[in-house]
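Some notes on the structure that comes next.
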Amino acid sequence: MPGVLEEPDVIVVGAGPAGSTAARDLAAAGLAVLLLDKDPFPRDKPCAGGLTRRALANLGFELPAEVVRERCRAFRAVWGDKVQEVVLPEPYAVTVDRCDFDRVLVEKAQAEGAIFCPGEAVLGVETGQGRVTVRTTRRRLCAPLVIGADGVPSRVAAALGERRVPAAPCLSAEVPLPGSEGGARRLHGTLETHWGMFRWGYAWVFPKGNHASVGLGSWDGAKVNLKALWGEFLASLGYPPAVPRGHLVPLGGGRRRRSGDGILLVGDAAGFADPVTGEGIFYAVLSAHLAAETVLTLKRRGLPYTSHYLRGYEEACAKAFGRDLAWALALNRLARRCPRLWQKALFGSPVCFRQGLEVACGRKTYRELAFWALRRLPHLLS
Ligand SMILES: Cc1cc2nc3c(=O)[nH]c(=O)nc-3n(C[C@H](O)[C@H](O)[C@H](O)COP(=O)(O)OP(=O)(O)OC[C@H]3O[C@@H](n4cnc5c(N)ncnc54)[C@H](O)[C@@H]3O)c2cc1C
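Using my numbering, the letters of the sequence shown map in sequence onto residues 422 to 803.
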């Protein structure tokens, strides 16, 4: 009898937060799931490792304490000599190292019965006759359904005929905190962002105990030489030199196909990330849950995984967060056109600054933020 390795019910490509979550949900419901990743695990991924409260709430389990590097109650934004800071009564985010966080998510999927194959890259995906064929560096696999969770350069998205998702370039590195004492105290429990270094985007310093994730992200679509700014930024903070890694964050909120015959896309592969802040883990996990729910509903009703039926997943994403990402994209475009206006609102008004944080905490939507700001526009700009 063929085993799960030869004839899985679902092949999940990519074992980041999106892939592992989809694999866990589906395996927990009794499906035979194969989870593939091109990298040997545990592996690191360029990421600031900030998990907002809403991302934590969606995980579906309590994150083990040893994976949490810091619990953050404060958010600080710096623009030249201007500093805005909010300290909340409760943590609104935690920081993690991605190699630990992603390993835990894979282990959760394995505990539910998913078979994990690290170090196996998918080279191509073809659909036809009610099946999807996946060509990997080791073999050919077939399944009725493939979930593409393979990040921005998604091979599975390419099989849907989708171009690479529009994305913002970032540079980041994990940097030891100097003299640990001073640096660590200044940052402890605080997510810090720096503005005004380029037209639209920001730099971040997220604390992780004895080290910090430091990065630069340009959201304005223009070519910015981040490498040229990198050394200067580290030196301005008094940090030692560090070699950064480049990566892309999708600019979410745009229109895209996320399903087709036998195929669903989740997380970065689907282009789901906040086009204002770059937050992606919340959307990765939530879209994975919605994908699994769609698949399980079809299975329960005995319906096939055709593009017609899988479109329900796209509708579920649009309802849960897609429309709000479109509002965020509109705000991104406004900021690109008038970055000074945006920065003035952010730094000129502590109230406006707090409202922005409400979105990150999941207590306000971008739509609500946009209407709130529109009503106060003359006041914000005076
Ligand atoms: C510099 C930077 C900082 C960020 N900071 C934050 C932050 O603080 N908070 C936040 O919420 N988000 C942040 N993000 C966004 C976040 O990292 C992503 O949105 C999130 O990782 C998406 O998860 P995913 O599972 O969809 O994709 P990924 O985490 O990218 O995982 C994709 C997986 O697919 C595998 N893969 C790729 N191609 C193949 C293939 N052909 N075959 C098999 N496997 C393959 C990869 O090895 C990888 O493991 C940041 C992004 C960047 C670039």
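Here a beta-carbon is modelled for each residue, glycine too, at the ideal position from N, C-alpha and C.
- In the DSSP assignment, find the alpha helix (DSSP H) that holds L447 and state where it starts and stops. P438 to A449
- Opening and closing residue of the beta strand (DSSP E) in which A498 lies: A495 to W500
- Message: Quick check for students: name the residue ranges of the beta strand (DSSP E) that lie wholly in the region 515-551, counting only runs of 3 or more.
- Response: Entirely contained in the region 515-551, the beta strand (DSSP E) runs reaching 3 residues are, in chain order, 536-538 and 543-549.
- If we count the other Cβ atoms within 10 Å of its Cβ and call it buried at 16 or more, is A588 buried or exposed? buried
- Task: Output the distance between the C-alpha atoms of A579 and A713, rounded to the nearest integer angstrom.
- Result: 21 Å
- Item | H615 classed as buried or exposed, judged by whether at least 16 other C-beta atoms fall within 10 angstroms | buried
- Task: Please report how far the alpha carbon of L647 lies from the alpha carbon of P671, in whole angstroms.
- Result: 17 Å
- Task: Report the rounded CA-to-CA distance for K503 versus W763, giving the unit in angstroms.
- Result: 14 Å
- Applying the criterion that 16 or more other CB atoms from any shown protein chain within 10 Å of the CB defines a buried residue, is M422 buried or exposed? Note that M422 has pLDDT 45, beneath the 50 cutoff, so the model's placement of it is unreliable and no number is given.
- Going by other Cβ atoms of all chains shown within 10 Å of its Cβ, with 16 needed for buried, is C759 buried or exposed? By the 10 Å Cβ count, C759 comes out exposed.
- Message: Measuring only the C-alpha atoms, how far is V524 from P438?
- Response: Looking at the sequence provided, one finds Arg at residue 524 rather than Val. Approximately 9 Å between the Cα atoms of the pair.
- Task: Would you mind giving the Cβ-Cβ distance between Y704 and W748, rounded to the nearest angstrom? I have them listed as a contact below 8 Å.
- Result: About 14 Å; that fails the 8 Å criterion.
- Message: Whether or not the region 661-677 and the region 685-705 are in contact is what I'm after, with contact meaning three or more pairs of Cβ atoms, one per stretch, closer than 8 Å; do they touch?
- Response: yes
- Would you say the beta carbon of E700 comes nearer than 8 Å to a heavy atom of ligand 2? Among the ligands modelled here, namely ligand 1, ligand 2 does not occur.
- Secondary structure of L778, DSSP reduced to three states: helix
- Message: Within 10 Å of its beta-carbon, does N631 have 16 or more other beta-carbons around it, so buried, or fewer, so exposed?
- Response: exposed
- With hydrogens ignored, establish whether the beta-carbon of C493 is closer than 8 Å to any heavy atom of ligand 1. no
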